[in-house]
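First the structure, in the form of structure tokens, and then the observations on it.
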Amino acid sequence: MAKARTTLVEVDKKGGFARVDSGYRFKVEAGGRFAPEANRYHLYVALGCPWASGSLTTLFLKGLEDVIGHSIVHPTWARTRPDDPEDTHTGWMFRAPGDAPVPNPAGHGSNECDDACVPDTLHNCKSLRDLYDLANDTFGKFTTPVLWDKKENTIVNNESTEILRMLNDCFNDFAKHPEVHIFPEASQKEAEELNSFIYPTVNNGVYRCGFAQTQGAYLEALGQLFESLERLEKILSEKRFLTGSSFTWLDLRVYHTLVRFDPVYHTYFKTNLKKIEDFPNLLGFVRDIYQSHEAVRKTTNMKHIKMTYYTSHPSLNPYGIIPGSNGADLTVPANREKM
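Spelled out as structure tokens, the structure:
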């Protein structure tokens with residue numbers, strides 16, 4: 000069994016953040032080991048995590064909440080083996096609404112267990128690490144989202160983009176909204192081309208800034224991030240969404256990064272050359288998506304977002320102080336419908 004670790008230790012020789020690929024890459028597919036079935040699967044997410052939030056958004060967009068259950072971890076990381084002094088790993092924990100407030104891993108703060116927390120109703124696991132252990136994990140990094148198979152009692156997949164695709168494609172026979180399709184074939188090539196720079200420099204780029212361990216690695220990531228934001232600003236000055244008039248998986252992923260930018264990344268990850276509110280089209284894009292989709296509003300929990308980042312990493316914020324601003328008002332009319 001691999002030693003437990005967190006994303007923060009994934010650093011290259013130059014001090015740059017180098018995210019390791021997800022370990023579970025099985026697929027739900029008709030005729031396969033993991034067949035599309037109602038009430039067979041369960042989704043584990045953190046509302047603070049942009050990758051996981053997108054998965055839960057897609058579940059709600061498709062109307063699969065009565066077919067695939069879900070659990071939501073508490074935003075604040077904690078010791079996953081508190082009784083073992085030699086095991087200092089911290090990670091996602093399950094709490095129930097009304098449980099005692101949670102301090103940060105350094106013992107500071109008092110972070111509420113609110114009504115958004117949904118415990119592990121399948122196994123009564125205390126931590127996400129416990130869930131991975133049930134799957135006989137050999138990777139040692141316990142991330143969200145997780146798509147769990149109740150029949151084989153194991154993890155199907157923990158790669159967010161692949162989970163998006165499976166939720167979009169594989170459960171239409173059970174979905175309330177099978178007509179929703181965020182992977183339209185007509186724009187898929189363009190979306191993949193855009194994603195070739197968006198993922199490394201924007202979605203992952205903010206983490207490359209925040210988790211860099213040398214000035215050079217940080218400055219490189221920062222420059223690439225804002226070059227890409229300027230590029231996206233230009234694209235969105237001419238199109239309602241990134242590939243045209245239809246909302247796709249790519250828009251969803253960019254949204255979940257940008258909505259966190261001003262309240263979290265600008266301060267916490269030092270991405271402070273500009274704010275998203277300084278980009279009129281990027282801000283309009285975020286507001287448009289937030290206002291247009293109830294599923295997006297349900298999975299945009301600013302309290303959990305801010306609490307996750309500001310209270311989970313004592314090396315970056317020792318006392319777990321959470322800043323006050325939530326960023327720009329997302330309810331101001333976007334007025335992008337006619338683009």
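Heads up, the sequence shown is in this note's numbering, so the first residue is 0 and it goes up one at a time. C-beta: ideal position from N, C-alpha, C; glycine also. Owing to the predicted nature of the structure, the values given are computational and were not obtained by experimental measurement.
Pair within 9 angstroms by beta-carbon distance, residue i and residue j
i, j, result
"S126", "F141", "yes"
"L46", "A174", "no"
"L166", "T57", "yes"
"P74", "K233", "no"
"H255", "S70", "no"
"L281", "L221", "no"
"F246", "I288", "yes"
"Y23", "N202", "no"
"I284", "L251", "Ile is not the amino acid found at residue 284; the sequence shown has Phe there. It is not a contact, given that the beta carbons lie outside the stated cut-off."
"I321", "M338", "no"
"K61", "V179", "yes"
"V44", "C116", "no"
"K150", "G209", "no"
"E219", "G15", "yes"
"R128", "C112", "no"
"Y264", "L315", "no"
"G204", "L224", "yes"
"W50", "T200", "no"
"W248", "R164", "yes"
"A34", "V27", "yes"
"S186", "T242", "yes"
"L343", "D114", "Because the chain spans 0 through 338 in this model, residue 343 falls outside it and cannot be assessed."
"V10", "Q212", "yes"
"A3", "H88", "yes"
"P332", "Q290", "yes"
"T298", "L7", "no"
Three-state secondary structure (DSSP) of residue i
i, result
"A17", "coil"
"Y289", "helix"
"T120", "coil"
"K140", "strand"
"V27", "strand"
"A77", "strand"
"M110", "The sequence shown places Asn at residue 110, rather than the Met named in the question. If DSSP states are grouped into helix, strand and coil, N110 belongs with the strands."
"F33", "strand"
"V343", "Within the shown structure, residues of the chain are numbered from 0 to 338, placing residue 343 beyond reach of any answer."
"V8", "helix"
"H176", "coil"
"G283", "helix"
"N316", "coil"
"D82", "coil"
"T266", "helix"
"I181", "coil"
"D277", "helix"
"K2", "coil"
"S245", "coil"
"L193", "helix"
"A327", "coil"
"A294", "helix"
Residue interval of the alpha helix (DSSP H) (run including residue i)
i, result
"R94", "Premise fails: R94 is in no alpha helix (DSSP H) and is neither H nor E."
"I343", "It is not possible to answer for residue 343, since the shown part of the chain is limited to 0 through 338."
"T153", "Segment 153-156 is the beta strand (DSSP E) holding T153; no alpha helix (DSSP H) there."
"A51", "49-61"
"R128", "127-133"
"Y309", "301-311"
"H255", "248-259"
"I321", "Run containing I321: none; DSSP gives neither H nor E here."
"R335", "Where R335 is concerned, there is no enclosing alpha helix (DSSP H), given that its DSSP letter is neither H nor E."
"L163", "159-168"
Unbroken beta strand (DSSP E) run spanning residue i, endpoints
i, result
"H41", "40-44"
"D148", "145-148"
Residue ranges of each alpha helix (DSSP H) run of no fewer than 4 residues wholly in the region 195-243, ordered along the chain? Taken in chain order, the whole alpha helix (DSSP H) runs of length 4 or more contained in the region 195-243 are 204-209, 214-234.
Touch check for the region 271-290 and the region 322-330: three-plus C-beta pairs under 8 angstroms? Judged by Cβ distances under 8 angstroms, the region 271-290 makes contact with the region 322-330, as three or more pairs qualify.
Using 8 angstroms as the cut-off, can you tell me whether the region 181-194 makes contact with the region 74-94, which would need three or more C-beta pairs spanning the two stretches below that distance? Judged by Cβ distances under 8 angstroms, the region 181-194 makes no contact with the region 74-94, as fewer than three pairs qualify.
Report yes or no: do three or more beta-carbon pairs, one from the region 95-111 and one from the region 8-22, lie closer than 8 angstroms? Taking 8 angstroms as the limit for Cβ pairs, the verdict is that the region 8-22 does not touch the region 95-111.
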